[in-house]
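Scroll down for the structure; my scribbles are underneath it.
Numbering (our numbering), first residue to last: 47 to 257.
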C-alpha cells in the first residue's frame, strides 16, 4: 500500500492513524489535508471529521533509479541510439538493462564502451543527488552475463594449460571486475594460483602453476 485516506477527529489523529496503516514514519510520507475538520456547536452538533491523504515517498534507491533511467535516456538520445532502458534497485545497487536492436556500439570492444557509460552514469547520478551513494550496474542485451561465462571458461582452460605446461600464463589486460571473475574462478582450481600485474588500463591476471 502506497497511500491511504483517513478520517479522524483531528488532522494529527488522522495522520497518526495513516502512518500506522502504512508502517511509515512522518519523514517518509507526504501529507495532504483534505478536510480540516471542526468541532461544531458545543463540540458536538455539526462536528466534522478531519480527512487526510497520506502517500509514501519513494525510497532513496527508487529516486536514484528514476534519475539513472532519465540520465541514460538523455544520453542515448544524444548518441542517436534508439533503445529501451529498464531497471531495478535495492538499498545498495541500481541495476539497469538496456534493450533494443543493433546495440553493439553501446558495448564496444570487450565491453569498454559499456564500462565507460556505466562509469559516467554512476558519477553523474550519484553526484547530483544528496542521497546515499549507490553502485550502478548497466548491461546491454545480457552482455555482462555472457561475458562472465566466457571468462569463466577461459579461466578453466588457461588454468589447465598452466598445470599441463608447468609455465605461467598471462591473460590479456582486463578491467578490475573481469580480473575478479578470473581470480574467483581459479580460487579452488588445484595446482595454480593467480595474481595481477601491471598498471591500469594494462593490468592483467597471471596464472602461476604451484607444482
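Ideal placement from N, C-alpha and C gives every residue a C-beta, glycine not left out.
In this text the structure is predicted, and so the values were computed from the model without any measurement.
Item                                                                                                                                                                    : Value
Less than 8 Å separating the beta-carbons of residue 151 and residue 129?                                                                                               : no
Going by CA-CA distance only, name the one from 251, 141, 70, 188 that's closest to residue 208.                                                                        : 251
Who are the near neighbours of residue 56 in its chain, counting only those whose CB is closer than 8 Å to its CB and skipping five residues on each side?              : 83, 96
Let me know the beta strand (DSSP E) ranges lying completely inside the region 126-163, each 3 residues or longer, listed in chain order.                               : 130-135, 139-145
Roughly how many whole angstroms lie between the Cα atoms of residue 67 and residue 77?                                                                                 : 14 Å
So residue 184 and residue 160 are supposed to be a Cβ contact under 8 Å. How far apart are they, rounded?                                                              : 7 Å
Does the beta-carbon distance from residue 101 to residue 75 come in below 8 Å?                                                                                         : yes
Measure the C-alpha to C-alpha separation of residue 165 and residue 227 and round it to an integer number of angstroms.                                                : 19 Å
With distance defined between alpha-carbon atoms, name the residue in 103, 94, 63 nearest to residue 73.                                                                : 103
If you draw a straight line from the C-alpha of residue 217 to the C-alpha of residue 167, how long is it?                                                              : 29 Å
Measure how close the beta-carbons of residue 202 and residue 239 come, nearest whole angstrom, since I'm counting them as under 8 Å.                                   : The Cβ separation is near 15 Å, so there is no contact.
So, for residue 194: in the same chain, excluding its five sequence neighbours on each side, which residues have a beta-carbon less than 8 Å away from its beta-carbon? : 227
Give a yes or no on whether 8 Å exceeds the smallest Cβ distance from residue 65 to chain C.                                                                            : Although the question refers to chain C, the structure presented lacks it and comprises just one protein chain.
What is the residue span of the alpha helix (DSSP H) that residue 103 lies within?                                                                                      : Neither: residue 103 is in no alpha helix (DSSP H) and is coded neither H nor E.
According to DSSP, is residue 34 helix, strand or coil?                                                                                                                 : The question about residue 34 has no answer, for the chain in this structure spans 47 to 257.
Mind listing, in chain order, the continuous alpha helix (DSSP H) runs of no fewer than 4 residues lying wholly within the region 194-235?                              : 222-231
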